[in-house]
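**Q**
In my numbering, the protein residues as written are 73 to 467.
1) For residue 118, name the three-state secondary structure that DSSP assigns.
2) Applying the criterion that 16 or more other CB atoms from any shown protein chain within 10 Å of the CB defines a buried residue, is residue 105 buried or exposed?
3) Report yes or no: do three or more beta-carbon pairs, one from the segment 218-226 and one from the segment 123-138, lie closer than 8 Å?
4) Count the other C-beta atoms from every protein chain shown that fall within 10 angstroms of the C-beta of residue 311, then say buried if there are 16 or more, exposed otherwise.
5) Any idea which residues DSSP pairs residue 109 with across the strands?
6) Counting Cβ pairs closer than 8 Å, one from the segment 376-384 and one from the segment 353-360, do we hit at least three?
7) For the putative contact between residue 144 and residue 175, defined by C-beta atoms under 8 Å, what is the C-beta separation to the nearest angstrom?
8) Report the option in 405, 93 and 456 whose CA atom is closest to the CA atom of residue 228.
9) Quick check: the segment 89-108 against the segment 154-163, are there 3 or more CB pairs under 8 Å?
10) In angstroms, rounded to a whole number, what distance separates the CA positions of residue 276 and residue 237?
11) Buried or exposed: residue 257, going by 16 or more other Cβ atoms within 10 Å of its Cβ?
12) Determine the DSSP secondary structure at residue 204, reduced to helix, strand or coil.
13) Less than 7 Å between C-beta atoms, sequence neighbours within five positions excluded: which residues of the same chain meet that for residue 62?
14) In the DSSP output, which residue or residues are listed as bridge partners for residue 78?
15) Over what stretch of residues does the beta strand (DSSP E) that includes residue 439 continue unbroken?
16) Which residues mark the beginning and the end of the beta strand (DSSP E) in which residue 132 is found?
17) In terms of alpha-carbon separation, which member of 293, 178 and 251 lies closest to residue 339?
18) Are the beta-carbon atoms of residue 89 and residue 193 separated by less than 7 Å?
19) Do you know how far the Cα of residue 284 is from the Cα of residue 271?
20) With distances taken from CA atoms, which of 324, 222, 242 and 92 is nearest residue 260?
21) Give the secondary structure of residue 310 by DSSP, where H, G and I count as helix, E and B as strand, and everything else as coil.
22) For residue 73, which of helix, strand or coil comes out of DSSP?
23) Do residue 119 and residue 197 have their C-beta atoms closer together than 7 Å?
24) Please confirm whether residue 82 and residue 132 have their CB atoms less than 7 Å apart.
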């Protein structure tokens, strides 16, 4: 009915996941009236048929969350979201699995820009309830014209997991296996994100993890990073934590940092079509964003609005770069300054980023993550609360 959910799972596990999906249907369908929705779609790894499998107590089980997306007729039905979350809660407890339900208006989705998540969903999804062909009708997402800025955002989103790892290593005990496993999961997601970005800017991106794994093996890029990406994809398909939990996590992150900095700079060179160093990076990045999206009236209006907002005064060479900085949203600024923070860059850009982040601290990690709470991922505050982490200043 839905095909395979995993790459490495046995027939027994596939049958088990299918049974869980039938339970999801039986549980949620009574809460879904036809006039309110188009379909409930399984997306992510299991929607692609490439979900992860782990062994616990000698038995196979899904490793990741099940990510569902409800395509609605109209928007803003918060009560429906609350009802669905409440209804699925017993299944989450029964199977000890995460099951997340997002919602988006189907008509709004049709008008959405070509983001990587919609491209991936178009090719890799399973309709669990509702109109079978509703996603396949969204052919604009099949054409492959993903917005390069969205890939840059993906890279920073995944890279921020490594900043969070730095925070965990500073604030939490690594004797705690839950923390150690979380750090490993973050590294895996981050490296896959960097590899995906590299493939995109080399014109070799695919929605399929299996296909991306094969394509990376043929790329003319650093051999160590190719192996790293390959290893992380294998981990995603069939995670084996022991190999990574036994090593010095501090040392591992230190070794990864320069590798990932090279990949990031390479991707930005491709995006800007300019030769980059970390010395000229901020100037070129802000200059690039000044001209980005000017053919769109909506984008231009947003830039003009952001130019009226008060920002910290910084020293940037070039009028276009300064205009670009003034026209940026707070989220765009975080994307641009991320490498200076993440790769511990020490040059003139450090002072610029200190001013942007309203700090005199030499270590930019916590000031950056305080801004990330506000402008990057508003759910990050819940993560901090869950692990009892204090970032110091009021967020």
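Even glycine gets a Cβ: it sits at the ideal position worked out from N, Cα and C. In this text the structure is predicted, and so the values were computed from the model without any measurement.
**A** Inspection of the coordinates gives the following:
1) Taken through DSSP and simplified to helix, strand or coil, residue 118 comes out as helix.
2) So residue 105 ends up on the exposed side.
3) With fewer than three CB-CB distances shorter than 8 Å, the segment 218-226 does not count as touching the segment 123-138.
4) It is buried - the Cβ of residue 311 has at least 16 other Cβ atoms within 10 Å.
5) 144.
6) Cβ pair count under 8 Å is below three, so no.
7) Approximately 6 Å separates the beta-carbon atoms of residue 144 and residue 175; this is inside 8 Å, confirming the contact.
8) For the residues 405, 93 and 456, the minimum Cα distance to residue 228 belongs to 405.
9) Here the segment 89-108 lies against the segment 154-163, with 3 or more beta-carbon pairs under 8 Å apart.
10) Cα-Cα distance, rounded: 29 Å.
11) Burial call: buried.
12) If DSSP states are grouped into helix, strand and coil, residue 204 belongs with coil.
13) Look at the range of the chain in this structure, 73 to 467, and you will see that residue 62 is not part of it.
14) In the DSSP output, where bridge partners are listed per residue, residue 78 has 123.
15) Not the beta strand (DSSP E): residue 439 falls in the alpha helix (DSSP H), residues 437-443.
16) Start and end: 131-134.
17) Comparing Cα positions, the closest option is 293.
18) No. Outside cutoff.
19) Just so you know, the alpha carbons of residue 271 and residue 284 end up roughly 8 Å apart.
20) Nearest C-alpha to residue 260: 324.
21) In the structure shown, residue 310 sits in coil (DSSP, three-state: anything other than H, G, I, E or B).
22) In this structure, residue 73 counts as coil in the three-state DSSP scheme.
23) It is a contact, given that the beta carbons lie within the stated cut-off.
24) It is a contact, given that the beta carbons lie within the stated cut-off.
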